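Quick notes on the structure that follows.
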Amino acid sequence: MISYGGFLEPAIVKPQSKVILLDNGHAKSTPGKRSLKLDNGTQFFEYEFNRDIVKRIAKKLDQLGIKYHILVPEEDVDIPVSVRAQRANEYCKKYGKTNCYLISVHANALGTNANWNNARGWSVYTTKGLTKSDDFANILFDEAQKILPRYNMTLRNSGLPHTKSFEENFTVIYKSYCPAVLTENLFYTNKKDCAFLMSEEGREAIAQIHVNAIKRL
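Start counting the sequence shown at -11; every next residue gets the next number (the numbering used here).
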């Protein structure tokens, strides 16, 4: 193992033909999707966070020579989730669905943002039932479990017998041809989680979780 910036990473990246499809959820125009202001006056906007994490993942994949595509370069327009899935499927047709993996990056929320709440934790979602997506989700959960507790961040495990992921047929992953997961990277309606998501070390940690999991595919 080699340490980069405090993170342990596999020393060798396996030769592969996998293509990673990165979906940054929501847009600047999406209503809500923001936190209360923190004590230092900063505020979390989910569209910005999702795009920043995807950019960080992409930069690391460039360094590793792993092929990827960002599905939603748009910032101001909230591209419908069905269109996002269609874009993913075009790449699946080009590269083969068995060679593609979709990751939709989000942050979680509870309530109406009127007050901070106690909901916390990192989680990953797949569609209902046992699929290849569950294998990827379990890898992601494993990598998150290696990193997040260092920062006193928690994880949410579904407790299902076949997967650690929660199961919902979210359109972007349900309509995608390839294995697909949606990560909910902590709760921005929780003050502790939100402060971590606004920090540089927090964002690097979140990005590295995804990259470490990708390297294991």
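Beta carbons: idealized from backbone N, C-alpha and C, even for Gly.
The structure presented is a predicted model; accordingly, all values stated were derived computationally and were not measured.
If you draw a straight line from the alpha carbon of ILE135 to that of SER70, how long is it in whole angstroms?
Their Cα atoms are separated by approximately 32 Å.
Pull up the distance between the alpha-carbon of GLU189 and that of LEU170, whole angstroms please.
In this structure, the CA atom of GLU189 is about 22 Å from the CA atom of LEU170.
I need the straight-line Cα distance from GLU36 to ASP27, nearest angstrom please.
20 Å
Provide the residue span of the alpha helix (DSSP H) that contains LEU52, from first to last.
34 to 52
Leaving out five residues before and five after LYS6 in sequence, what residues of the same chain have Cβ atoms less than 8 Å from its Cβ?
ILE54, LYS55, ASN87, CYS88, TYR89, ILE202 and LEU205
Leaving out five residues on either side along the sequence, give the residues of the same chain with a beta carbon under 8 Å from the beta carbon of THR115.
SER121, GLU155, GLU156, ASN157, PHE158, ILE161, TYR162 and ALA168
Between the beta-carbon of ARG108 and the beta-carbon of PHE175, is there less than 9 Å?
Taking 9 Å as the Cβ cut-off, ARG108 and PHE175 qualify as a contacting pair.
Relative to the C-alpha of TRP104, which candidate in LYS179, THR151, ASP64 and VAL42 has its C-alpha closest?
LYS179
Between which two residues does the alpha helix (DSSP H) carrying LYS120 extend?
120 to 135
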